[in-house]
Each structure stands twice: as structure tokens, then as C-alpha cells.
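Colleague: Protein chains in written order, with the working numbering: chain Z, 845 to 1136; chain G, 36 to 585.
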Amino acid sequence: MHQSILAFRKHRYLWLALLVTALCVTAYWIDDPQEPANGGTVLGYTLGTLGALLILWLAWYGVRKRRYASTAGTVQGWLSAHVYLGAALPVIVLLHSGFQFGYNVHTLAFVLMSLVVASGLFGVYVYLKYPQRLSENRGGANRSALIDELEDVDERSKRIASKLPPEFQELVSSGIGRLQLGESMWQRLRGRDLSQVLLKRGNDYAVVANPGQEAALDWLADQQAKCREPATAAVIGELSALLRNKRRLLKPLAEDLRLQALLEVWLCAHIPLTAALLAALLVHILSVFVYW
Amino acid sequence: MKFLIRFISRNAAGGTEQHDRLVNAPIITMGRATDRMLHLRDRRARLEHAQLEEQNGKVHITTAALAGVEVNGRSQRDARLVVGDVVEVGSNILRVIEAPPGTDFAFTFELSAEAERDTDTPDHYAPEAKRFSLRSLSWILAAAVLLLALVVPGLGIVNPQFAAVARGSKLLPDDTWWLAGPLHTAHTAAGADCQNCHVAAFERVPDEACVDCHEVNRHVAGDTHEVLGERRCASCHLEHNEPPELVKRHQGLCADCHRNLPGDVLLENAGDFLLDHPGFKVSLLQPQVNASGETEWVLQHRLLADAQTADRSNLKFNHAAHLDEAGILAAEGRRVIDCAECHQPEPGGARMRPIRMDQNCAGCHSLNFDPDDPRRTVPHGDPDAVMQVLVEYYSARLLGDDPDAGEQRVRRPGRALTRADRDRAAAEARVQAMQVAEDLFERRVCVNCHEVTRNDDAEMPWTVLPVKLTERFFPHSNFTHAAHDTAASACDSCHDASVSESSADVLIPAIESCRDCHGSAVLRHNNASQTPSTCIMCHSFHFEAKGTYP
């Protein structure tokens, strides 16, 4: 039975995070430090230490999840705690700061922490929402079944094109080779079909944009209309039918790639910003005590 | 230019297949981008990797790639191609062949044998998305943060010259990036050099750094500041805070002890201005006549709310009469006067200047004694001198020494004054002087403001009680008129002068009057018009060594 990481062990870590948050808020409420609340009061140092240790522990998740032999809890449990305690971190850090901000390294650390937490929360959101959308998009099949079908269409297209003049073979092979559903994560997120195809126009070949196989299909329709031999025209028609089939199959694949990119893209912010945050945390602590 | 491209590929049987493509174009582009004429399915290739182009009738291969392309085994970025040349473009091999008739340039194009073996790429439709390496980016970001926020500003500690350069530069990060809060304006004037106070790295600001500029005898006796004990200057004086607060104003600073003082302390308990504060006591100068009959002034603290508390300055003064809305009789006629006519703030505006007869009263209260001679006045402040002036004045008139006083001369024309004339004149002058003095002291002038009594001294039979006005009623409070915006609020919103008919009234507002605006240190006890007020707002800090307040 699948259990969401959020519901792990009856929301054990949700309660822990709420408890920690409540304790910190209560302490801040009660504390009367005889000066404007800031990171340098007794409670300020306490919350700061708690926040710094929490950041280190949260970052350690990246190490723990790679230690397959470790028996220190399950990775699922760690992730559940990582999510809930990570969400509690901004509260602790805000109370530590006494809501004092400025253009300085201390606020830099705060901003980086906020970005890391925000990207993490976005990660939680997509992990909860997109697997469902992914499988809906594929109609129950998995991606390799989709690709098998596409490759089958490609093979049949090549076979049919071999019965036609070379420009048809160029059309098919360049259409296959120059298929591009986004090379980078950004292109995939935008869902752009960057495919091209090589078309013979007059005596020359031209490379033409071929999103959704449109250019190839238009060219084929054109050739079919010009064709005087009914037998050849029928073969061209067959090829058109295959490419239309391919177009139908490419849509869910492109969406699959887009959704997968969405599932991964938050990590591109979460991980490097965590590294920057750890550096900024070190700077924050050192700089406070350099000029104590 | 007409190019012939001969594609060579291996079929499943192991043989080779070829097909030609004729291209009539000025250049042949090649790269990983799908719009290149020659599409390179090679992740190492650039999107726009290289191109064939005509230069002066010859065909060149050029590339923007730093690594160049391999022409006959040599890496080049621009190479002229002749028949027989072999070019490696990524994992493809381009061989220049003899151009058949009707074409200008011909070459074969095939995948290298190595790449051929890897053609079975299952990820053709869904290859891994290209993205930057998270690990490299992580290192770069972390290093950038450390460099910009720690190393460069930190260099300034090691090398003060560099610190000056960094602080002067708009681009270089300096140690202002480390500021936990703004420097108080009181300290920016002393120079924005962190090292002025932060003498050594990783050490707290020492008290010596404060004493370098500040005199601390407000808190401690003498030159030493060691009586602070475990406390540091910075225990109470906080920098880099928001809101900026150089003086700790926290209620607990005083109230922690004062809300419950030990039994042997004479001072009453005070924990909060609104909720737990004794009524005001005023410091009043009280006259006391000593054994030799002289008046001595003694400072006494009296409860303001006590009905017995009276200002005993020996001055008779009626505020209500002076502030009469219909005006008061002055030399030039009726005149309406206001408080500011007499009560003028000191420079700085904290307190009021002392009231003085010559500056504040003499304008109306003339000390003239002879209606026929209105310019003549007696001196103020010394009754004996008054008598002396009067006697001298009338003697001179009788003896003719005074050129202005002509008609009552005792000397007959053509005859010198005899001794008897003089004695007679002196006696007559004294009688006149005494008559005028009696009028001044008892009926017309002095008695208006002063307590005058008869005594049995024949020479000077009146005693005028000395006057001394209390200048500070709350000598230990930090009250300042300037902070209370006296321009906006009328004096009588605190001082009931307009109904006070006696100078015995102490016109100092009671604590209830202050509480209209000053509330508890704890916000929730206050109404909308009350500002939270802690002890430090009115009282000054003290240490035991400095002595306690009376």
C-alpha cells in the first residue's frame, strides 16, 4: 500500500514540526530581552543555534539518501521529517532575526534559506501532484511502450519510403533524425517542438521547421496531389497515414517530457541554493563574531 | 555553389549503402541543432558546430568551437579543403572527393566506426534533458558567496589599506556587508571605521573603546569605570539595533529592583508609571530663620498631592490677576499678558529661565518714589540702600547740592550755610525720607510683592523677608519643555496658573496629568492616547557607587 511521505507514521513529523514551531513562538512571545528582539539576545542565540543545526541536518538528507546501507531510519521517514522540519525552519529563523532585515550577509542567508525552502515546497507539490498527471497522460501505458510504438512507426515509414524517390527517404530519415522535443530542461518545460525536416523544393533541399510533423505532412499532401501515378500516390498516402499516427503519438510523449522536467527542475534550484546557503550560514556566523 | 554530399551508411548485412544529396547553397551548416543542413546526432557537438563556405573560390571549413575541427588529424578553426582531406566533425567523418561534373565541391559523410556501433540509442525519443551540472553549480555558488561575503571583506581586517580601498569602492564588497544593523547616527560622526570600536577580531567591544571618547562619570565616580563589575558599557548601550537604541530603556532595568525594594530603603516602590508609581514629590525651597535671625533656605521634598504643601518663597504673586483676560494695568495702560511674557525657555528649551525682578517685573512695577520726579527710582533688593537713596535725595534737595531740586533751599541768598542750617536740613531730609519710605514699604510699592514687617530699629524700621524662587521642582527628572511641544499645547494644559491667586500654590502638574499621555511600559494597559513610558524616560540611570538619589 502506497503511503504519502506526508502521512508517514500518522503524520509523526508534522506534529514534531508543529510542536517545535509552537515552542519557539511561545518562547519569543514570553521573552522580554530588555532590548529590541534580535539574534544577539539569549533567546536569539538559542533560536539561531537551533536553526543552524536544523539547516545542517536538513542538508544531511542529501547524504543520507545515498547511503543505501544505512539503517538510521528509513529514507521515507527522513524525507517526511525533511519536509516538515524544513517547512518549520523559516519560522525559527524569522524569530531568531527578530524581524530585522537589511542589505547585509545576514539577510542574504535568510533570502537563500527562503529560496531553498520555497523550492523544496514546490518539489513537494509536484511530487504529490504530477505522478498522477504523468500516468493519466500516458493513458496507463509507460513511456517505453510509447517509444516502442514510435520506433515501429519509424521502421514502417522507412520501408515504405524505400519504394519512393530519394527525396521521400530524405524526408523520413531527416524527420526521424531531426526530431527534437526539447533538448534542455527549459525547452521541455516550455513544451516546444523544435523538430526540423529536410524537404526537396524544386532541385534543392531545404531544412524546414517541422513541429507536430506538420511540414512533412503538408509536403506529402502536396506530392500526393501532384503525383500522376495512382500506385505511387497510394504509397504516399500510406506514408502520410503513418506520419499522422506518429504525430498522435508524439503529443503524449512531449507532455511526458514536460511533466518529467517539472518533476526535476526544482532540484536545480534546491541543491545549488542549499550549497550557497551553507556558505552564507558560515559567513553569517563568522561575521557576527568577527565584530562581536 | 553546388555541393554534392554523399552519405555513406552501413546496413544490417554489414555492407555499405550510399545516397547523394545535391545542395545549391553558399554554405553548408553542420551542428547539433535540427535546422543545420548536416545534422550531427552527437551530444559533444555544438548546436552550430562548423560550416563549409567559399572563400575566394576555394572551400573552407570554419568553426567557432575553441577546440576546432580535426582536419587530417590537426585541430583547426579555419582550413582550406582539397580533395583527399579528411575532417572529423564530432563523431562524423567528412572526406573530400573529386567533384563530379555539374558540381563545385563533393564530399562523403559517414558516422565513424566507433559511433556506428553506438547507434542503438534507445533514448532517441526521450534522451536525458541537458542541464548544467548541479554539483558544479553548487560549488560555484558556494564559492562565490564565501569569496564575496567573507574573504574579500575579511581581507580588510588583515590589511587596513585594503579595507580603505574596499570601503571607497562601489564594486568591492567591504565589511559594511557584515553590519547586523545600522550604525547609530551618534557614532557615524566618529567615523565609519569598524575598528574604532571592534578593536580585535572575535573579541567583544572593550569598555576602553567607549571611554576613549566618552566621559563616564555620569555613571561612576572618578576616572575608573571598573565599578561596572561584570557589566560592560555594551550591556546597556546597544549598537546596530533596530530601532536604534543607544540607551537601554527597558522597564526591567529599574523596575526589577525598584518594584520591590528592601525594607530598609527609604524610597517608595515603583514598578510602572501607570500602575505602580508613588505620587510626585516636589523639591521646594523653604525659608528657615536661624538663631541670629537670618533666613536660610532649605530644600525639602514634599508630596505634591498633600494639601499642606505650599511654596514659601516669601513672594506675593497672583497668577490669576496677571493673566486676567481683560488685561492688567501697566504704565502705558491696560495690557493683556500671557505666560511667555515672563516665562521664557532656556537655550535648548529644557527648562525655563529664572524669573528676575529687573527683567520680568520692572516693566510694570516701577520703583519710583516721587510723583513730581518720575525718573527717580529706589534700588531693588536692598532695603538699607533704599533708605540711603531716599535720605541722600532729600538732603541734596534741601542743601542745594542737587541742581534739579531748587525751590526748597534752606540757604538764604548771600549767606553761607551755618552748621545749624546743615543740621536742621539733615533732620528735615530724614523726616521726609521716612515719610516716603513708609509709603513705599508699607503701602505703595514693596508691600505689593514682599512680606514687609515693622521692627524696632529706628534707622530702618522695616524688615523685608528675602525671596527665593524654586528653580527646579523635579531636580532628578529628565523633563524637558522642548520635548512636550509647548508651541502646540497651551501652558495651562499642565499648569493651573489662571486660577491661582496665591504664590503658595505649587503649579506643578500632578502625576495624573502626566498619565493623560504617559502610560504603562506594558502596551496593553494603555489607552489610545497613552504612550508606553518606561522609567528611563524621566529618570536617570545610577549605580550604587555614584550614590543613590535622596
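Glycine included, C-beta positions come from ideal geometry on N, C-alpha and C.
As the structure is a prediction and not an experimental result, all values here were calculated from the model.
Helix, strand or coil for G/H159, going by three-state DSSP, please let me know.
Modeller: Numbered from its first residue, the second sequence carries residue 159 of chain G at position 124. DSSP places G/H159 in coil when its eight states are reduced to three.
Colleague: Of the choices Z/F943, Z/S1001, Z/D996, whose alpha-carbon is the least far from that of Z/L891?
Modeller: For this step, residue 891 of chain Z is matched to residue 47 along the first sequence. When each option's Cα is compared against that of Z/L891, the closest is Z/F943.
Colleague: By Cβ distance below 8 Å, which residues in the same chain neighbour G/R79 in space, the five residues on each side in sequence not counted?
Modeller: Taking the first residue of the second sequence as position 1, residue 79 of chain G is located at position 44. Its chain contains G125, S126 as the residues whose beta carbon lies nearer than 8 Å to that of G/R79, once the 5 sequence neighbours on both sides are disregarded; these appear in chain order.
Colleague: Go through its chain and collect everything with a Cβ distance to Z/E1108's Cβ below 8 Å, but skip five positions before and after it.
Modeller: Here residue 1108 of chain Z corresponds to residue number 264 of the first sequence, with the count starting at 1. Hits under 8 Å: M1029.
Colleague: Assign G/T26 to one of three DSSP states: helix, strand, or coil.
Modeller: Since the displayed chain G opens at 36 and closes at 585, residue 26 of chain G lies outside it and no answer follows.
Colleague: Which of the three DSSP states is assigned to G/R78 in this structure?
Modeller: The count along the second sequence starts at 1 and reaches residue 78 of chain G at position 43. Coil, per DSSP.
Colleague: Can you name the start and end residues of the beta strand (DSSP E) that Z/Y1049 belongs to?
Modeller: Within the first sequence, numbered from 1, the residue matching residue 1049 of chain Z stands at position 205. Its beta strand (DSSP E) spans residues 1048-1053.
Colleague: Going along chain G, which residues have a C-beta under 8 Å from Z/V919?
Modeller: Counting from one through the first sequence, the residue named residue 919 of chain Z turns up at place 75. What Z/V919 touches in chain G: nothing, since even the nearest Cβ is about 19 Å away.
Colleague: Would you say the segment 1121-1128 of chain Z touches the segment 171-180 of chain G, given that touching needs at least three Cβ pairs under 8 Å?
Modeller: Yes, the segment 1121-1128 of chain Z is in contact with the segment 171-180 of chain G.
Colleague: For the segment 232-243 of chain G, list every residue whose C-beta sits within 9 Å of some C-beta in chain Z, in sequence order.
Modeller: Residues of the segment 232-243 of chain G with a C-beta less than 9 Å from any C-beta of chain Z: C232, H233, A236, F237, E238, R239, V240, listed in chain order.
Colleague: Report yes or no: is there a C-beta of chain G within less than 7 Å of the C-beta of Z/R1088?
Modeller: Against the first sequence, residue 1088 of chain Z aligns to sequence position 244. Judged by the 7 Å Cβ criterion, Z/R1088 is not in contact with chain G.
Colleague: Does any CB atom of chain Z fall closer than 7 Å to the CB of G/A80?
Modeller: Counted from its first residue, the second sequence places residue 80 of chain G at position 45. Taking Cβ atoms only, chain Z never reaches closer than 7 Å to G/A80, which makes this a no.
Colleague: Report the partner residues of G/F140 according to the DSSP bridge assignment.
Modeller: Residue mapping note: residue 140 of chain G aligns to position 105 of the second sequence, counting from 1. The partner list for G/F140 (beta bridge, DSSP) reads G/F38.
Colleague: Would the segment 1013-1031 of chain Z count as touching the segment 1048-1064 of chain Z if we require 3 or more Cβ pairs under 8 Å?
Modeller: yes
Colleague: Counting only the same chain and skipping the five closest in sequence on each side, list residues whose C-beta sits under 6 Å from that of G/A114.
Modeller: If you number the second sequence from 1, residue 114 of chain G lands on position 79. Counting only Cβ-Cβ distances below 6 Å, and skipping sequence neighbours, we find I96, V106.
Colleague: Using a Cβ-Cβ cut-off of 6 Å (strictly less than) and excluding sequence neighbours within five positions of G/V471, which residues of its own chain qualify?
Modeller: Taking the second sequence and counting its residues from 1, one reaches residue 471 of chain G at position 436. F404, L425, listed in sequence order.
Colleague: If distances are taken between C-alpha atoms only, which option among Z/I1004, Z/A953, Z/A871, Z/P975 comes closest to G/L176?
Modeller: Reading the second sequence from its first residue, position 141 is the one you call residue 176 of chain G. Among Z/I1004, Z/A953, Z/A871, Z/P975, the Cα nearest to that of G/L176 is on Z/A953.
Colleague: Taking all protein chains shown into account, do 16 or more other C-beta atoms lie within 10 angstroms of the C-beta of Z/I874, making it buried, or fewer, making it exposed?
Modeller: Taking the first residue of the first sequence as 1, we reach residue 874 of chain Z at position 30. Answer is exposed; the Cβ neighbour count stays below 16.
Colleague: When the cut-off is 7 Å and only beta carbons count, does G/E277 lie next to chain Z?
Modeller: Indexing the second sequence from 1 puts residue 277 of chain G at position 242. By this cut-off, G/E277 is an interface position.
Colleague: Hey, how far is the Cα of G/A199 from the Cα of Z/I899?
Modeller: Position 164 of the second sequence, counting from 1, holds the residue named residue 199 of chain G. Position 55 of the first sequence, counting from 1, holds the residue named residue 899 of chain Z. Each residue's Cα considered, the two are about 35 Å apart.
Colleague: Using only CA atoms, which one of Z/L1043, Z/R1036, Z/G1035 lies nearest to Z/Q1013?
Modeller: Position 169 of the first sequence, counted from the start, is the residue given in the question as residue 1013 of chain Z. Selected option, being the one with the closest Cα: Z/L1043.
Colleague: What's the call for G/Y160, buried or exposed, on a 16-neighbour Cβ count within 10 Å?
Modeller: Position 125 of the second sequence holds residue 160 of chain G. Note on G/Y160: 16 or more other CB atoms within 10 angstroms of its CB, so buried under the neighbour-count rule.
Colleague: Taking its Cβ as the centre, do 16 or more other Cβ atoms sit within 10 Å of Z/A1120, making it buried, or is it exposed?
Modeller: Here residue 1120 of chain Z refers to the residue found at position 276 when the first sequence is read from its first residue. That one is buried.
Colleague: G/C229: buried (16+ other C-beta within 10 angstroms of its C-beta) or exposed?
Modeller: Walking along the second sequence from the start, residue 229 of chain G turns up at place 194. Residue environment analysis places G/C229 among the buried positions, since at least 16 neighbouring C-beta atoms fall within 10 angstroms of its C-beta.
Colleague: Contact check, Z/L939 vs Z/L1093 under 8 Å by CB: the rounded distance?
Modeller: Stepping through the first sequence from its first residue, residue 939 of chain Z is reached at position 95. Stepping through the first sequence from its first residue, residue 1093 of chain Z is reached at position 249. Contact between Z/L939 and Z/L1093 is absent: CB atoms are separated by about 54 Å, not below the 8 Å threshold.
Colleague: What residues in the segment 975-997 of chain Z bring their beta carbon closer than 9 Å to a beta carbon of chain G?
Modeller: R987, S988, L990, I991, L994, E995
Colleague: Along the chain, where does the beta strand (DSSP E) containing G/L338 start, and where does it finish?
Modeller: Numbered from its first residue, the second sequence carries residue 338 of chain G at position 303. From DSSP, the beta strand (DSSP E) with G/L338 extends over 330-338.
Colleague: Using the C-alpha atoms, what's the distance from G/F38 back to G/D55?
Modeller: Start at 1 with the first residue of the second sequence, and residue 55 of chain G comes out as number 20. Start at 1 with the first residue of the second sequence, and residue 38 of chain G comes out as number 3. One C-alpha to the other measures close to 10 Å.
Colleague: Using the DSSP secondary-structure output, state which residues sit across from Z/A1127 in a beta bridge.
Modeller: As a working note, residue 1127 of chain Z is residue 283 in the first sequence. In the sequence as presented, Ala is not what sits at residue 1127 of chain Z; that position holds Val. Z/V1127 pairs with nothing; no bridge assigned.
Colleague: Taking the alpha-carbon positions, what's the G/E329 to G/P544 distance?
Modeller: Here residue 329 of chain G refers to the residue found at position 294 of the second sequence. Here residue 544 of chain G refers to the residue found at position 509 of the second sequence. For the pair G/E329 and G/P544, the Cα-to-Cα distance works out to about 32 Å.
Colleague: Any C-beta of chain G sitting closer than 7 Å to the C-beta of Z/M1029?
Modeller: Residue 1029 of chain Z sits at position 185 when you count from the first residue of the first sequence. Yes, contact with chain G.
Colleague: Counting pairs of Cβ atoms below 8 Å between the segment 1074-1085 of chain Z and the segment 998-1009 of chain Z, do you hit three or more?
Modeller: yes
Colleague: Taking 7 Å as the threshold (beta carbon to beta carbon), is Z/Y1049 in contact with chain G?
Modeller: Working through the first sequence from its first residue, we reach residue 1049 of chain Z at position 205. Yes, Z/Y1049 counts as interfacial toward chain G.
Colleague: Of all the CB atoms in chain Z, is at least one closer than 7 Å to the CB of G/D155?
Modeller: Here residue 155 of chain G refers to the residue found at position 120 of the second sequence. Annotation note: pLDDT 47 at G/D155 (below 50); position unreliable, no value reported.
Colleague: May I have the straight-line CA-CA distance separating G/D358 from G/C289, to the nearest angstrom?
Modeller: For this step, residue 358 of chain G is matched to residue 323 along the second sequence. For this step, residue 289 of chain G is matched to residue 254 along the second sequence. Asp is not the amino acid found at residue 358 of chain G; the sequence shown has Leu there. If I take the Cα positions, the gap works out to 41 Å.
Colleague: According to DSSP, simplified to helix, strand and coil, what is G/D113?
Modeller: The residue labelled residue 113 of chain G in the question sits at position 78 within the second sequence. Strand, per DSSP.
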